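Participant: I'd like to ask some things about the structure below.
Protein chains: 2
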Amino acid sequence: MFQFTATYTDLYQLSMAQVYFNKNQNQQAVFDYFFRKLPFNGGYAIFAGLEEIISIIEELRFSERDIAYLKEHDFEPEFLAYLKDFRFRGTINAMQEGEIVFPTAPVLQVEANLIEAQIIETILLNTLNFQTLIATKANRIRNVAGDKTLLDFGLRRAQGPGGYYASRAAMIGGFDGSSNVITGRDYGFPISGTMAHAFVQSYDDELTAFRDFAEHRPKNCVLLVDTYDTLKSGMPNAITVAKEMEARGQKLLAIRLDSGDLAYLAKRCRIMLDQAGLDYVKIAASNQLDEYVIQSLQNQNAPIDVYGVGTNLVIGKPNGALDGVYKLSFANGKPRIKISESISKVTLPHKKQVYRILTEDNVLIGADAIALSKEAHISVMHHPVEPFKNLNIDDLKQQAMLQPVMQQGKRVYPEKSVQEVAAFSKKQLAALPEEFKRFDNPHIYKVGISNQLKEERDRLIAEHKN
Amino acid sequence: MFQFTATYTDLYQLSMAQVYFNKNQNQQAVFDYFFRKLPFNGGYAIFAGLEEIISIIEELRFSERDIAYLKEHDFEPEFLAYLKDFRFRGTINAMQEGEIVFPTAPVLQVEANLIEAQIIETILLNTLNFQTLIATKANRIRNVAGDKTLLDFGLRRAQGPGGYYASRAAMIGGFDGSSNVITGRDYGFPISGTMAHAFVQSYDDELTAFRDFAEHRPKNCVLLVDTYDTLKSGMPNAITVAKEMEARGQKLLAIRLDSGDLAYLAKRCRIMLDQAGLDYVKIAASNQLDEYVIQSLQNQNAPIDVYGVGTNLVIGKPNGALDGVYKLSFANGKPRIKISESISKVTLPHKKQVYRILTEDNVLIGADAIALSKEAHISVMHHPVEPFKNLNIDDLKQQAMLQPVMQQGKRVYPEKSVQEVAAFSKKQLAALPEEFKRFDNPHIYKVGISNQLKEERDRLIAEHKN
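Residue numbers (our numbering), protein chains in the order written: chain A, 1 to 466; chain B, 467 to 932.
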């Protein structure tokens, strides 16, 4: 929906680009997108945002306005002329959107000249970090909610227009629908929403408010029962209206609780509805929900059929950001490395491939191996940091995870609907052993590096230390 | 920059609107925007986002595409025809953007018919909640950083396009510049940025990388010294290049540290620079900074001149969201209230005004009083919840804070630049006594309600309890 231009970037990308341009240093390079730490203390993340970033990159240009603005910032005319014709002409290899992904292993890889690769860095990180965070959060909520209906209600508390993409990512993570109309319009997922407290308040009495609503919105009628007093006013009025609807051959879909003790109230409301012969009327609940509150409600057998989740979902609380980075691994014909005080932050050189390891009968063993892209088969994978930790994978299936999604600046895979991505994600998760999906202290998925990659990394470290 | 259409809303706004439309219930109403809890355990918040929300609301329309989409969602043709001509024609009264604001007191007030007021709710909350959060976070960082230069580096870790507005809000909170080019383009604040590790890595040696950069970016040259080894490689190379620049009559602006112990390294680097006669070369630092880390660096007298702050600023960590709400207080000729189990969540009825209380010589006493809009003068303000707590303000100056910003759907105040808003905010903060600005456990600013408002609220509670 949004029009991004190529100035949706950090200034340093353009400062560096000016130098590459002047020095004829604009050679082919490889950058890896990966993250270092799983969010939410979880056992996996769900890769999301690929579809948008590919669409954005395909169309990314500097506008007239961008060029005029940059003219005031110490860029040279020849370089500005270059930017005027800028478009991304490189190759992108990536895991599939919706894939389950793990730290350290590149999730996406950009091969392009240095200028093009740098100019897209910021928007790529901005898009993938956020959607991956939210899809992962949504999936944690899905995991505790079982087959209950999950709705995203977060737009009002989202971080500005970040909310537009949060709703999409929530669907990938397993949500059923959203209150967000514009994102629903653009991605075609179910939208949902009935009444706020203001609706009830605007009437002199709650019963008339419910009656009017039921009369004009009979198809998906959900009555919000906590404006004045849930059990003494909201529920009796909702039951009256539900019975009036029955008499007209209609059915009240649900009542919604938005305050108070949701477990207690849901149980009381369920009894009241059942006693009135309204066992088909569902109970929806909202109010500062997250995976912990929902888990607790589920453990208490609260008879809630629909959870509406807002703030905590769309801002990915408590993390708020995925620490995804974009690191140079090859340029000007040579492997490249960044040294750090901490070995875990030393980057992995060379163009690489990531292999997911499976048994002969396609069972995930819980390991990904990172190797040089030219390696055909990996015998042993090493812990990237800790010495003496390694795993023999010689006899196991090794599935190459990074596949072309863009070549010469053009998408080379069929566009996928958000439902297709969500279905793929669900399938991948179903194949992941339970211990990695455990809510607390999940088993750690192993990500290792091949012999050759380890040797190359260690050789480059030694080279730079001298 | 972004094109928002009126479907940037929650579906329930439109469901309610359909009923108001059918029932001729689309009467005049008043909604209050306020928040309940200060973020970051701070003593105040900074109101931001007003300029955008007024611009957005002025232009908010349903597009052809919106109408076509809604047609599939059970809305009636007459109502869709109404939406086609929708525009906001109401009045908005608000505090000034950049104002220091406190919980409970309305920061902004919408007077419009119910449909118009509801349709703008979601985007209004989305915009004001986020920018107020980030301006407040930025100001906390400014408070500990003294007169050091503060730069926003957060776009890559921002929540998608939320980052576009985060940079603007950071300026309002007291930042000096940003790496974010597109927002700088649109709001005219200083942008900043030089080189990433990838620049150094792309060369065979660091010295040549620095030389090339200094040759082509001499005006704002900042060299990143930690790609391989800060003290053994980065600094000696930077000093060599700084001396070469001197010989050409140029000056190296700064070196930047992005890893390691920043206090230790900054001190070592300062000594190395000074010993080389480069006392004019500044030291910039980045890497997971927030107000706590900066306070610690300041306490250690780390000789850092420029702080680059990313993730923690632009996602407003740890809160991530301001809990701003939009509550109906008047409709269809009557004051309106929402009852809650908790008295602190009962809403305040009637159209109201907020008064800031000052002494005769214009010193803030640290109190805001909420009153009915028709009250001329408030003698006593009551704690909104706790009985027996009140404050006599009869002899004090009472400054009305909510002023018209939009009438009949048109802006009625002059557009302000982000610099003007930031300057206003700085002035307001200077007038706020230190105890409210304290980093830890700040003094609590009092927000009370007038006698008449209290009586009206209590009368309506009693009415609904019967």
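Using N, Cα and C, we set each Cβ at its ideal position, and we do this for glycine too. Here the structure is a predicted model, which means the values were calculated and not measured.
Can you list, in chain order, the residues of its chain with a C-beta nearer than 7 Å to that of H843 of chain B? Leave out the 5 residues immediately preceding and following it.
Facilitator: Excluding positions up to five away in sequence, the list reads Q864.
Participant: Where does the unbroken beta strand (DSSP E) through V447 of chain A begin, and where does it stop?
Facilitator: Here the beta strand (DSSP E) through V447 of chain A covers K446 to S450.
Participant: Unbroken alpha helix (DSSP H) runs of length 4 or more, entirely within the segment 171-232 of chain A: which are they?
Facilitator: Correct list: 181-187, 197-201 and 206-216.
Participant: Can you tell me which of the three DSSP states N858 of chain B falls into?
Facilitator: Looking at N858 of chain B - three-state DSSP - the assignment turns out to be strand.
Participant: Compute the Euclidean distance between the alpha carbons of E921 of chain B and S167 of chain A, then round it to the nearest angstrom.
Facilitator: E921 of chain B and S167 of chain A: Cα-Cα distance of roughly 42 Å.
Participant: Can you name the start and end residues of the alpha helix (DSSP H) that M245 of chain A belongs to?
Facilitator: Segment M235 to A247, the alpha helix (DSSP H) holding M245 of chain A.
Participant: Taking the Cβ atom as the reference point for each residue, do Q584 of chain B and Q479 of chain B lie within a distance shorter than 7 Å?
Facilitator: Closer than 7 Å, so yes.
Participant: Using the C-alpha atoms, what's the distance from T194 of chain A back to D226 of chain A?
Facilitator: Spanning the two alpha carbons is a distance of roughly 14 Å.
Participant: I'd like to know whether the C-beta of Q667 of chain B is nearer than 7 Å to at least one C-beta of chain A.
Facilitator: Closer than 7 Å to some Cβ of chain A, the Cβ of Q667 of chain B qualifies, so yes.
Participant: So with Cβ pairs under 7 Å, would you call K489 of chain B a contact of chain A?
Facilitator: Chain A, which has a Cβ nearer than 7 Å to the Cβ of K489 of chain B, makes this yes.
Participant: Below 8 Å between beta carbons is the criterion; list the residues of the segment 158-173 of chain A that meet it against any residue of chain B, in chain order.
Facilitator: From the segment 158-173 of chain A, only A158, Q159, G160, P161, G162, G163, Y164, Y165 and A166 have a Cβ closer than 8 Å to chain B.
Participant: Applying a beta-carbon distance threshold of less than 7 Å, which residues of chain B neighbour V19 of chain A?
Facilitator: Per Cβ cutoff of 7 Å: D678, F679, H682 and R683.
Participant: Examine the ligand FMN and report whether any of its heavy atoms sits within less than 6 Å of the Cβ of N828 of chain B.
Facilitator: Absent from the structure shown: the ligand FMN. Ligands present: none.
Participant: Note down, in chain order, each residue of its chain lying with its Cβ closer than 7 Å to the Cβ of Q898 of chain B, except the 5 sequence neighbours on either side.
Facilitator: For the record, residue 898 of chain B in the displayed sequence is Leu; it is not Gln. Cβ within range, chain order: Y510, I566 and L830.
Participant: Could one say the Cβ of I343 of chain A lies closer than 7 Å to chain B's Cβ atoms, at least one of them?
Facilitator: With 7 Å as the cut-off, I343 of chain A does not count as an interface residue toward chain B.
Participant: By the criterion of Cβ-Cβ separation under 9 Å, what are the contact partners of A664 of chain B in chain A?
Facilitator: Within chain A, the residues near A664 of chain B are M16, A29, F31, L114, A117, Q118, E121, Y326, K327, L328, A331, R336 and K338.
Participant: Does T598 of chain B have its Cβ less than 7 Å from a Cβ in chain A?
Facilitator: So, not an interface residue.
Participant: Find the residues of chain A that neighbour A787 of chain B, judging by a C-beta separation of less than 7 Å, and give them in chain order.
Facilitator: Ordered by position in chain A, the residues that pass the 7 Å Cβ test against A787 of chain B are R157, T311 and I315.
Participant: Among A:R336, A:E415 and A:I357, which has the Cα closest to the Cα of L460 of chain A?
Facilitator: Nearest option by C-alpha distance: A:R336.
Participant: Taking the alpha-carbon of T473 of chain B as reference, which of B:E542, B:V775, B:I586 and B:T570 has the nearest alpha-carbon?
Facilitator: Checking every option, the nearest Cα to that of T473 of chain B belongs to B:I586.
Participant: Which stretch, first to last residue, makes up the beta strand (DSSP E) that contains Q741 of chain B?
Facilitator: No beta strand (DSSP E) contains Q741 of chain B, which is instead part of the alpha helix (DSSP H) from L728 to Q741.
Participant: Would you kindly work out how many angstroms separate the C-alpha atoms of T208 of chain A and K800 of chain B, rounded to a whole number?
Facilitator: Each residue's alpha carbon lies about 16 Å from the other.
Participant: 7 Å is my cut-off, CB to CB: does G659 of chain B come that close to chain A?
Facilitator: So yes, G659 of chain B belongs to the interface.
Participant: Would you mind telling me which residues of chain A sit closer than 7 Å to Y758 of chain B, beta carbon to beta carbon, in chain order?
Facilitator: The contacting residues do not exist; Y758 of chain B stays about 16 Å from chain A at best.
Participant: Taking 7 Å as the CB-CB cut-off, is L591 of chain B touching chain A?
Facilitator: Closer than 7 Å: yes.
Participant: Would you mind working out which of B:D540, B:E582 and B:L536 sits nearest I558 of chain B, comparing C-alpha positions?
Facilitator: When each option's Cα is compared against that of I558 of chain B, the closest is B:E582.
Participant: For R822 of chain B, tell me which candidate among B:A833, B:H816 and B:N828 has the shortest Cα-Cα distance.
Facilitator: Comparing Cα positions, the closest option is B:A833.
Participant: Where does N26 of chain A land, buried or exposed, given buried means 16+ other C-beta within 10 angstroms?
Facilitator: It counts as buried.
Participant: Name, going along the chain, the residues of the segment 511-532 of chain B whose beta-carbon falls closer than 8 Å to a beta-carbon of chain A.
Facilitator: Residues R531 and D532.
Participant: How would you label E672 of chain B, buried or exposed, when you count the other beta carbons within 10 angstroms and need 16 or more for buried?
Facilitator: By the 10 Å Cβ count, E672 of chain B comes out buried.
Participant: How big is the Cα-Cα spacing for R268 of chain A and G628 of chain B?
Facilitator: Near 41 Å, if we compare the C-alpha coordinates of G628 of chain B and R268 of chain A.
Participant: Write down every uninterrupted run of the alpha helix (DSSP H) in the segment 407-448 of chain A whose length is 4 residues or greater and which is fully enclosed by it, in chain order.
Facilitator: If we require 4 residues or more, the alpha helix (DSSP H) runs fully inside the segment 407-448 of chain A come out as 418-431 and 434-437.
Participant: Tell me which residue opens and which closes the alpha helix (DSSP H) that T127 of chain A is part of.
Facilitator: T127 of chain A -> alpha helix (DSSP H) spans E121 to A145.
Participant: Does the CB of T473 of chain B have a neighbour CB from chain A at under 7 Å?
Facilitator: With 7 Å as the cut-off, T473 of chain B counts as an interface residue toward chain A.
Participant: Going by the CB atoms, is the gap between Q288 of chain A and A263 of chain A shorter than 7 Å?
Facilitator: Going by C-beta atoms, A263 of chain A is not nearer than 7 Å to Q288 of chain A.
Participant: Between G654 of chain B and A254 of chain A, what straight-line distance do the alpha-carbon atoms span, to the nearest angstrom?
Facilitator: If you take the alpha carbons of G654 of chain B and A254 of chain A, they lie about 50 Å apart.
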